[in-house]
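Following: one structure in structure tokens, then a few remarks.
In my numbering, the protein residues as written are 42 to 258.
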């Protein structure tokens, strides 16, 4: 089984498909909770809420327009815009109301992301997230990962890829991370982007190939 080869394939996809792929990867490497602010928190919460019950592919074409409709994810600007511009994009009132709920919380009590970052440990942060609309035990991890905590998403293509290799998602990302010198978070993000782009069928075909290979050297 050549997990390092699988990583290089997924990373190569990122660099080939996206002109800014190298910058994306470097950005992910630098991201930590203490480098995030309330705007980041609202944006990443908005992503998790918008994709709840849907695929990333369903939301990505609308994502830029949704951000514009919500004032560029600035909490006060989102409140000033109100729900109607976002509803024209997302067409789900409960989701828009949830995003504006957090915008109101952030506008009234600035610095919440900094407070969360100072928690340090992941468990209390996950518990806080689970109290928010549309956030449950599974997608709380997705939100935490996107905000810089060194964890992995508990749903999506990497979970299915890990099951194919006989791991859970965290075990797979840790195993690859040890081989290539990356945090589990970066491994998860690269594999997730690859899996979303190529789809499960192609992802698992490549996984079957790398499962049959012996690592080089």
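Glycine residues also receive a C-beta, built at the ideal position from the N, C-alpha and C atoms.
On a predicted model such as this, the values are computed, not experimentally measured, just so you know.
Scanning its chain for C-beta atoms nearer than 6 Å, with the 5 sequence neighbours on each side dropped, one finds around residue 189 the residues 72, 73, 74, 77, in chain order. A direct Cα-Cα distance of roughly 25 Å separates residue 117 from residue 186. Scanning its chain for C-beta atoms nearer than 8 Å, with the 5 sequence neighbours on each side dropped, one finds around residue 251 the residues 42, 43, 44, 46, 47, 50, in chain order. Assigned with DSSP and collapsed to three states, residue 133 falls in coil, not helix or strand. Counted as a single uninterrupted DSSP element, the alpha helix (DSSP H) harbouring residue 86 occupies residues 79-92.
DSSP places residue 196 in no alpha helix (DSSP H); its state is neither H nor E. Residue 234 holds the alpha-carbon nearest to the alpha-carbon of residue 101 among 52, 246, 234.
Around residue 225, the same chain offers 191, 192, 193, 211, 214, 215, 218 as residues with beta carbons nearer than 8 Å, after the five sequence neighbours per side are excluded. Counting along the chain, the unbroken alpha helix (DSSP H) around residue 109 starts and ends at 97-110.
Of 88, 115, 94, the smallest CA-CA separation from residue 103 is found for 88. Check the Cα spacing between residue 245 and each of 198, 62, 152: the tightest is with 198.
Nearest to residue 177 by alpha-carbon distance, out of 195, 162, 131, 110, is 195. Under a 10 Å Cβ-count criterion, residue 85 is classified as buried, with 16 or more other Cβ atoms of the shown protein chains found around its own Cβ. Separation of residue 147 and residue 253 (C-alpha to C-alpha, rounded to the nearest whole angstrom) is 50 Å.
Taking 8 Å as the cut-off, the Cβ atoms of residue 182 and residue 90 do not count as close. Beyond the five residues adjoining it in sequence on each side, residue 106 comes within less than 8 Å, by CB distance, of 130 in the same chain, given in chain order.
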